[in-house]
Amino acid sequence: ESQLNPNYSFENFLEGDSNRLARSAGLAVAAKPGGTSFNPLLIFGGVGLGKTHLAHAIGVDIKDKYPEKTVLYISAEKFTQQYIDSVKKNNRNDFIHFYQIIDVLIIDDVQFLTGKTGTQDVFFHIFNHLHQNGKQVILTSDKAPVDMQDIEQRLLSRFKWGLSAELQHPDFETRVSIVKNKLYRDGVEMPEDIIDYVAKNIKTNVRELEGAIISLIAQSSFNKKEITLDLARTIVEKFVKNTKREVSIDYIQKVVSDYFQMDIDTLQSKTRKRHIVQARQLAMFFAKKLTKASLASIGSQIGKRDHATVLHACKTVDNLSSTDKQFKKYVEDITKKLSV
Ligand code: ADP
Ligand code: MG
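The sequence shown begins at 136 in full-length UniProt numbering and counts up by one.
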């Protein structure tokens, strides 16, 4: 059994600017598994943006076109568990062999392999074997390869061999078409202004968008009420409230520079004065911790630095806060200021 969910098809995966590259690459891979340069195909993006859906869609489509091919979908978490079990039961070789004879291997959420060196090692060997034999590998991750920490370099370099395609936040039009498609499939009608209202206000991700629509439908049918704009407002409000507000990088820079009584220009400047460097490193550290921005994007927003500088800053802050009492206090104080 391939573990594929037939509902997660290309047909049900609505196209928009936010997913066009990833979706087209997925279609290309499905047309010629192992026969394109998109090997591996790595789909990355934040939660609820469609990684799992798209990964299944590729598998479903391949199964459709090439019924004789073995396609396997597995989460990195389950893969890790299987590997650990195989080691315990002394059949690590069977485990490896099982994966080496698959034609299309789809591993979801590879960020889960972070820090798991044994599993990374075995996956490295499986990957090489599949790749050498022209088999297709499809991966998903919540981060771009450059932003994956604690994944072995040799594995990361393999991830970069093929294509990394990002799923971004869908724009308003795409959100509207996703909602309409969902309503259509559920056979539910909803006034246009309500669809617009929900799609306009729920921007976090597709899962929440669908969640809001599902509760809207449920509320109206359980209470035998019409779907009104008022009902939509109450539901949207709940969704927006429950979603943790993401602080912006601008806000973080403001809080950090206020804390050290300097202005943002100073914090961003090229100076190597120790206290300014530390303030800048703290800003980068919090940006990494509290936002979904990539290292590269954080660097460019905090004084036009590159991703390596941000990575170095994060590590320095980690180190200093465990060795330097004063520095630890900075981190605690700023954490408090940022969490209100
Ligand atoms: P992720 O794996 O990135 O967290 P999922 O693939 O689980 O996200 O997607 C969350 C929900 O949103 C699923 O129900 C999925 O079907 C839906 N979804 C995501 N993107 C789209 C899209 N472009 N069109 C239709 N539905 C989508
Ligand atoms: Mg997923």
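For glycine and all other residues, C-beta sits at the position ideal for the given N, C-alpha and C.
It should be emphasised that the depicted structure is a prediction, and the values quoted were computed from it without experimental measurement.
Comparing C-alpha positions only, which one of the options sits nearest to residue i?
i: lysine 338; options: Gly183, Asp398 and Pro168; result: Gly183
i: glutamine 235; options: Thr187, Ile219, Gln216 and Thr205; result: Thr205
i: leucine 149; options: Gln217, Ser221 and Lys186; result: Lys186
i: asparagine 340; options: Glu146, Ser144 and Ser153; result: Ser153
i: leucine 473; options: Phe420, Ser457 and Ile197; result: Phe420
i: residue 535; options: Gly180, Asp196 and Glu136; result: Given that the chain is displayed from residue 136 to residue 475, the structure contains no residue 535 and the question cannot be resolved.
i: glutamine 246; options: Phe233, Asp285 and Lys223; result: Asp285
i: threonine 309; options: Val371, Asn142 and Asn147; result: Asn147
i: glutamate 372; options: Ile348, Phe395 and Arg415; result: Ile348
i: lysine 198; options: Asp229, Gln216, Ser144 and Tyr218; result: Ser144
i: leucine 291; options: Lys464, Asn263 and Asp306; result: Asn263
i: threonine 451; options: Arg409, Gly269 and Thr215; result: Arg409
i: aspartate 468; options: Ser432, Tyr394 and Thr406; result: Tyr394
i: alanine 418; options: Phe374, Asn454 and Tyr465; result: Tyr465
i: tyrosine 386; options: Thr401, Thr426 and Gly151; result: Thr426
i: lysine 424; options: Gln403, Ser210, Leu446 and Thr215; result: Leu446
i: leucine 156; options: Ala414, Gly180 and Glu287; result: Gly180
i: serine 356; options: Gln461, Met325, Val382 and Ile219; result: Met325
i: glutamate 287; options: Thr249, Leu265 and Val222; result: Thr249
i: valine 333; options: Pro305, Arg368 and Val323; result: Arg368
i: serine 456; options: Gln413, Ser432, Phe233 and Ser429; result: Gln413
i: arginine 289; options: Pro305, Leu265, Gly269 and Thr252; result: Thr252
i: glutamate 203; options: Ser435, Lys463 and Glu136; result: Glu136
i: glycine 151; options: Gly269, Val382 and Pro305; result: Pro305
i: valine 390; options: Lys359, Thr470, Val323 and Ser210; result: Thr470
Mind checking whether the beta-carbon of residue i lies closer than 7 Å to any heavy atom of the ligand MG?
i: lysine 186; result: yes
i: aspartate 243; result: yes
Assuming the contact rule is C-beta atoms closer than 8 Å, residue i and residue j should be a hit. Round their C-beta distance to whole Å, please.
i: residue 111; j: isoleucine 411; result: Residue 111 lies beyond the stretch modelled for the chain, which goes from 136 to 475, so this question has no answer here.
i: tyrosine 208; j: glutamine 267; result: Between glutamine 267 and tyrosine 208 the Cβ distance is about 22 Å, and since that is not below 8 Å, they are no contact.
i: serine 392; j: isoleucine 399; result: 5 Å
i: serine 276; j: leucine 177; result: 6 Å
i: isoleucine 241; j: isoleucine 261; result: The pair is not a contact, with the Cβ atoms about 13 Å apart (cut-off 8 Å).
i: aspartate 244; j: glutamate 212; result: 7 Å
i: glutamine 303; j: proline 168; result: No, glutamine 303 and proline 168 are not in contact; Cβ-Cβ is about 25 Å, not under 8 Å.
i: phenylalanine 307; j: lysine 335; result: 6 Å
i: alanine 448; j: glutamine 403; result: Rounded, the Cβ-Cβ distance is 13 Å, inconsistent with contact.
i: glutamine 354; j: isoleucine 370; result: 7 Å
i: glutamine 217; j: phenylalanine 230; result: 6 Å
Between residue i and the ligand ADP, is the CB less than 7 Å from at least one heavy atom?
i: residue 477; result: Nothing about residue 477 can be read from this structure; the chain reaches only from 136 to 475.
i: leucine 149; result: yes
i: isoleucine 348; result: no
i: valine 314; result: no
i: asparagine 140; result: no
i: valine 341; result: yes
i: glycine 434; result: no
i: glycine 183; result: yes
i: asparagine 154; result: yes
i: tyrosine 234; result: no
i: tyrosine 143; result: yes
i: glutamate 345; result: yes
i: glycine 194; result: no
i: glycine 161; result: no
i: residue 114; result: Since the first residue of the chain shown is 136 and the last is 475, residue 114 is not available in this structure.
Counting only runs of 4+ residues fully inside the UniProt region "Domain IV, binds dsDNA" (356–475), write out the alpha helix (DSSP H) ranges in chain order. As far as the UniProt region "Domain IV, binds dsDNA" (356–475) is concerned, its whole alpha helix (DSSP H) runs of at least 4 residues are 364–377, 384–394, 399–403, 409–425, 430–436, 442–458 and 460–473.
Examine the Cβ distances between the region 428–446 and the region 272–287 and report whether three or more of them are shorter than 8 Å. Under the three-pair Cβ rule at 8 Å, the region 428–446 counts as touching the region 272–287.
Quick test of the definition: if touching needs 3 or more C-beta pairs under 8 Å, does the region 312–323 touch the region 343–356? Segments in contact, yes.
Could you name each continuous alpha helix (DSSP H) segment of 4 residues or more that falls completely within the region 145–231, going from the start of the chain to the end? Runs found: 155–166, 186–200 and 211–223.
Touching by the beta-carbon criterion (3+ pairs, under 8 Å), the region 160–177 and the region 316–326: No contact exists between the region 160–177 and the region 316–326.
Give a yes or no on contact between the region 355–364 and the region 327–335, applying the rule of three or more CB pairs nearer than 8 Å. Result yes; three or more Cβ-Cβ pairs closer than 8 Å.
Can we say the region 167–176 touches the region 294–302, given the rule of at least three CB pairs closer than 8 Å? Counting Cβ pairs under 8 Å, three or more are found: they touch.
Assess contact between the region 250–258 and the region 189–197, defined as three or more Cβ pairs (one per stretch) separated by less than 8 Å. Is contact present? By the criterion of at least three beta-carbon pairs nearer than 8 Å, the region 250–258 is not in contact with the region 189–197.
May I have a chain-ordered list of the alpha helix (DSSP H) segments no shorter than 4 residues that lie completely inside the region 329–355? As for any alpha helix (DSSP H) of minimum length 4 sitting wholly inside the region 329–355, there is none.
Which full runs of the beta strand (DSSP E) of 3+ residues lie inside the region 284–312, going along the chain? Complete beta strand (DSSP E) runs here, min 3: 298–301.
To test your reading of the DSSP string, which unbroken alpha helix (DSSP H) runs of 4 or more residues are found completely within the region 243–283? Listed in chain order, the complete alpha helix (DSSP H) runs (minimum 4 residues) inside the region 243–283 are 252–267.
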